[in-house]
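Going by the numbering used here, the sequence shown opens with residue 1333, and the numbers climb by one from there.
All C-beta atoms in this analysis are idealised placements derived from N, C-alpha and C, irrespective of residue type, glycine included.
To start, the structure under review is shown below, and the notes come after it.
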Amino acid sequence: MVTAFCVMDPTTRIPLQQEALSKQARSALRSALSSDPVLRDQTRLWVQLCEQVTRSVTDRLPPSDDLIVVALYEAGLLGDATAETVSHVHGVQTALEPVRREHLSVDALLRRIAADARVFQEVWAEQTMTQRGAHPSRPSRPWRRVAPPTAWWTAAAAVVVLAVAAVFLLRAPEAHHMTVPEGFSKAVQLADGSSVLLRGPAGLSWQDDRARQVFLSGSGFFDVTSNTEPFSVTTDHAVTTVEGTEFGVESGSESTRITVVSGRVRVHAVQNRSDVVLGAGETTLIAATSDTAPDVRFAGPDPLTWTGLFIFRDTPVDSVALALERAYDVDIDVDPSLQSETLTGTFDRDQSVLDILSIVAAALGAELEQQGDQTTYRLIRRGSATG
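Given below as structure tokens:
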């Protein structure tokens, strides 16, 4: 186990790890700090920042024994726990959830505690078998399971858990935060291949070790790559979980709206875990004070105008034409033989209607006719006579 400690110096103090630097390296570091006032001041500020971050998290953690019991319970190492113990663990988990969302390194700490517990159990089992084999002359007795002293181990672990917590919190995976000012858009590519289009004012936060868990303020359109690991988007009011799909999230101070373009998503309010499943073309609105399961409604025509995009997924051509007519105040006539065709594509609303219709016509293998006033267009099947 790596334990944090401090090297004391008349001018500064810097936290190190015993396995990180040799004695000679630590001596050289102290000399550098003594001779370089700029480095010394920067180091002092860094130490103060680290201590402040550690205090801000550890002050919100439950008592050490509760933290250990949660780690053992989530790892399946608690054994035959009583109903009272399980109820207590659930209460601690609920209280711990906001801290885990804000500081993902807390989960790393819980995993470390569980890993140490497994090692302890293995060593205990080996020692028990060794002691049995050391007395062959003893009369044979029925075998019985010798359980490791869980209470003793928990008490011992509690002594070091805060030191381990400090190490993990200061070595937390790199966090990312993207902000977009009002009136601007920003495309963000995540490590798993998923992409997010942020529409300002908006912010997106995530960590390297949990690229499929993001926190959103404002509005974002998500194109999530398919993966067995769920992808979740958390706002102030709602949690949306998917495996692979496209959907939009509009988050404001009073509510969050989720609209699905393709695939399926699962949504629940932060204050109520009763969830609903949304399919393509469906939407739900979760208010800040919502404490019931969300309602599912039909999204209506072109519900994602705030993205600055036209988003069509297996959309009938006549519905595409209707959306363009409303946006550009034009008339678009679609040949009856093309109306049953479907179109998948994404277009920027800054494009001209002529540019978009030209691409649509090429995708359908159709021809585009335009009248001189540039407000009337016609899509006809190639080779058809115009009337």
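Note that the region 1645-1652 touches the region 1673-1682; at least 3 beta-carbon pairs, one per stretch, sit closer than 8 Å. Val1402 has its alpha-carbon roughly 6 Å from the corresponding atom of Val1421. Linking Thr1588 to Gly1632 through their CA atoms gives a straight-line distance of about 17 Å.
Secondary structure in the region 1632-1675: the alpha helix (DSSP H) runs of 4 residues or longer, each lying completely within the stretch, are 1649-1660 in chain order.
Rounded to whole angstroms, the separation of the alpha carbons of Glu1586 and Ile1618 is 9 Å.
In this structure, Leu1522 lies away from Gly1552, with their beta-carbon atoms at least 8 Å apart.
Boundaries for Leu1548: no alpha helix (DSSP H) harbours it, while the beta strand (DSSP E) harbouring it runs Arg1542 to Asp1555, taken from the DSSP string. Short of 7 Å from the beta carbon of Leu1404, and not among the five residues preceding or following it, lie these beta carbons of its own chain, in chain order: Leu1410, Ala1446 and Ala1449.
In the displayed model, Arg1714 falls within coil according to three-state DSSP, outside both helix and strand. Within the same chain, Val1438 and Asp1439 come within 8 Å of Arg1432 by CB-CB distance, once the 5 residues on both sides are set aside. Counting along the chain, no alpha helix (DSSP H) covers Glu1586, and no H or E run does either. The residue from Leu1686, Ala1620, Gln1545 and Asp1682 with its alpha-carbon nearest to that of Leu1641 is Asp1682. Rounded to the nearest whole angstrom, the C-alpha separation of Thr1624 and Arg1598 is 15 Å.
With fewer than 16 neighbouring CB atoms inside 10 Å of its own CB, Ser1558 falls in the exposed class. The DSSP-derived three-state label of Pro1394 is coil. For Val1692, the enclosing alpha helix (DSSP H) begins and ends at Val1685 to Leu1696. When the five nearest sequence neighbours on each side are left out, the beta carbons in the same chain lying within less than 7 Å of the beta carbon of Val1685 are those of Leu1656, Tyr1660 and Val1662, in order along the chain.
Here His1509 really is in contact with Ser1537; their C-beta atoms are around 5 Å apart, less than 8 Å. Secondary structure note for Gly1535: its beta strand (DSSP E) is the uninterrupted segment Ser1527 to Gln1539. Looking at the backbone, the Cα of Val1628 and that of Glu1614 are separated by about 7 Å. Taking 8 Å as the cut-off, the Cβ atoms of Val1581 and Thr1567 count as close. Residue pairing by DSSP places Gln1521 opposite Ser1527 in a beta bridge. A straight line joining the alpha-carbon of Thr1577 with that of Arg1713 spans about 32 Å.
For Thr1615, the enclosing beta strand (DSSP E) begins and ends at Glu1614 to Ala1619.
Between the alpha carbons of Ala1407 and Leu1441 lies a gap of roughly 12 Å.
In the DSSP assignment, Ala1507 falls within the beta strand (DSSP E) that extends over Ala1507 to Val1512.
Beta-carbon to beta-carbon, Ser1549 and Gly1535 are separated by about 4 Å, close enough to satisfy the 8 Å threshold. Taking 8 Å as the cut-off, the beta carbon of Ser1672 is found closer than this to the beta carbon of Pro1648. In the structure shown, the three-state DSSP call for Thr1591 is strand.
Listed in chain order, the alpha helix (DSSP H) runs fully inside the region 1394-1423 are 1396-1406, counting runs of at least 4 residues. Distances from the CA of Leu1610 to each of Phe1579, Gly1515 and Ala1694 were compared; the closest alpha carbon is that of Phe1579.
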